[in-house]
Amino acid sequence: MANLVERISDAFRIDYGSFSIVDVDGLSRSPAALDPEKLFSLTDEDEIWLAATANMAIARSRAGYHHRARITLELWEAEPPTKEEGGVDRRTVELFSSSGKLRPTNSVGEAGPLLDLRVPEASWLVRGHRIAKADPFADVEDFDEDDDDDLGLRMEGLEEFLFQFWPVNAREA
20 MANLVERISD AFRIDYGSFS IVDVDGLSRS PAALDPEKLF SLTDEDEIWL
70 AATANMAIAR SRAGYHHRAR ITLELWEAEP PTKEEGGVDR RTVELFSSSG
120 KLRPTNSVGE AGPLLDLRVP EASWLVRGHR IAKADPFADV EDFDEDDDDD
170 LGLRMEGLEE FLFQFWPVNA REA
């Protein structure tokens, strides 16, 4: 059975409907690594909402252009168990991390909590969970998100994200 090694979590500001999980070494200089624009172009808001290349993953939001969401990063010894839940989108990608230290970042450079994978220069499987929450504005008539540019900064709790990391070569749970 796989054991959870570490879990970190915090509310995080999502800008322009997406955010990245980036290695503290920065973008990879490997010729095989995709640049951020190309990586983003491979994603959408539906099925391919999470994509990765060396030192970087990009996640797309389904809940809104600007808002705050809880982001949780977990380190596991091996593939963690999953349970089927409604309102949860899952996607698994492979991510190489040069430093072994990752954190979420948004388009304005704000960084979230740091996850130490404890092993540099390694490849990891990452299972992303995009968890829909109740829309607090669903019952408001004539709600127009464009009426207030600062509204997105007050919007919180529309969705949550969970990212589970485990070594590529780990035995299955």
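Using the working numbering, read the sequence shown as starting at 20 and increasing by one per residue.
Quick reminder that beta carbons are idealized off the backbone N, C-alpha and C, glycines included.
Checklist entry - How close, in whole Å, do the beta carbons of R32 and E129 come, if the pair is a contact with beta carbons under 8 Å? => result Locating residue 32 in the sequence shown gives position 13, counting from the first residue. Locating residue 129 in the sequence shown gives position 110, counting from the first residue. Between E129 and R32 the Cβ distance is about 6 Å, and since that is below 8 Å, they are a contact.
Checklist entry - Can you pull the DSSP bridge partners for A70? => result Counted from its first residue, the sequence shown places residue 70 at position 51. In the DSSP output, where bridge partners are listed per residue, A70 has I77.
Checklist entry - In whole angstroms, what is the alpha-carbon distance linking A51 and P123? => result On the sequence shown, residue 51 is found 32 positions in, with the first residue counted as 1. On the sequence shown, residue 123 is found 104 positions in, with the first residue counted as 1. So the alpha carbons of these two residues sit roughly 22 Å apart.
Item to check | Simplified DSSP assignment, three categories, for L58 | outcome: Translated into positions along the sequence shown, residue 58 becomes position 39. In this structure, L58 counts as helix in the three-state DSSP scheme.
Item to check | In DSSP terms, what T111 is bridged to | outcome: If you number the sequence shown from 1, residue 111 lands on position 92. R146.
Checklist entry - Below 9 Å between beta carbons: does that hold for T111 and L144? => result Start at 1 with the first residue of the sequence shown, and residue 111 comes out as number 92. Start at 1 with the first residue of the sequence shown, and residue 144 comes out as number 125. Result yes, Cβ atoms of T111 and L144 sit closer than 9 Å.
Next on the checklist: Please state whether the Cβ-Cβ distance between I150 and V187 is less than 9 Å.
Outcome noted: Taking the sequence shown and counting its residues from 1, the one referred to as residue 150 is at position 131. Taking the sequence shown and counting its residues from 1, the one referred to as residue 187 is at position 168. Cβ atoms of I150 and V187: not closer than 9 Å.
Checklist entry - So what does DSSP say about K102, is it helix, strand or coil? => result Position 83 of the sequence shown, counting from 1, holds the residue named residue 102. It is coil, neither helix nor strand.
Checklist entry - Where does the unbroken beta strand (DSSP E) through H86 begin, and where does it stop? => result Reading the sequence shown from its first residue, position 67 is the one you call residue 86. That run of the beta strand (DSSP E) goes H86 to W95.
Next on the checklist: Please tell me whether S116 and E140 are closer than 9 Å, where the distance is taken between their beta carbons.
Outcome noted: Position 97 of the sequence shown holds residue 116. Position 121 of the sequence shown holds residue 140. Yes, the pair counts as a contact, with Cβ atoms nearer than the cut-off.
Checklist entry - Distance, Cα to Cα, N125 vs L23? => result To locate residue 125, count along the sequence shown from 1; it is residue 106. To locate residue 23, count along the sequence shown from 1; it is residue 4. When rounded, the distance between both Cα atoms is 26 Å.
Checklist entry - In chain order, what residues of the same chain have a beta carbon less than 7 Å from the beta carbon of G119, not counting five sequence neighbours either side? => result Numbered from 1 along the sequence shown, position 100 holds the residue referred to as residue 119. Cβ within range, chain order: D135, L136, R137, V138, P139 and A141.
Checklist entry - Among S39, I67, D65 and W68, which has the Cα closest to the Cα of G54? => result Residue numbering aside, residue 54 sits at position 35 when the sequence shown is read from its first letter. First, the amino acid is wrong: residue 54 is Asp here, not Gly. Of the candidates S39, I67, D65 and W68, the one whose C-alpha sits nearest the C-alpha of D54 is S39.
Item to check | Counted within 10 angstroms of its Cβ, other Cβ atoms place F180 as buried (16 or more) or exposed | outcome: Position 161 of the sequence shown, counting from 1, holds the residue named residue 180. Looking at its Cβ environment, which holds 16 or more other Cβ atoms inside 10 Å, F180 is buried.
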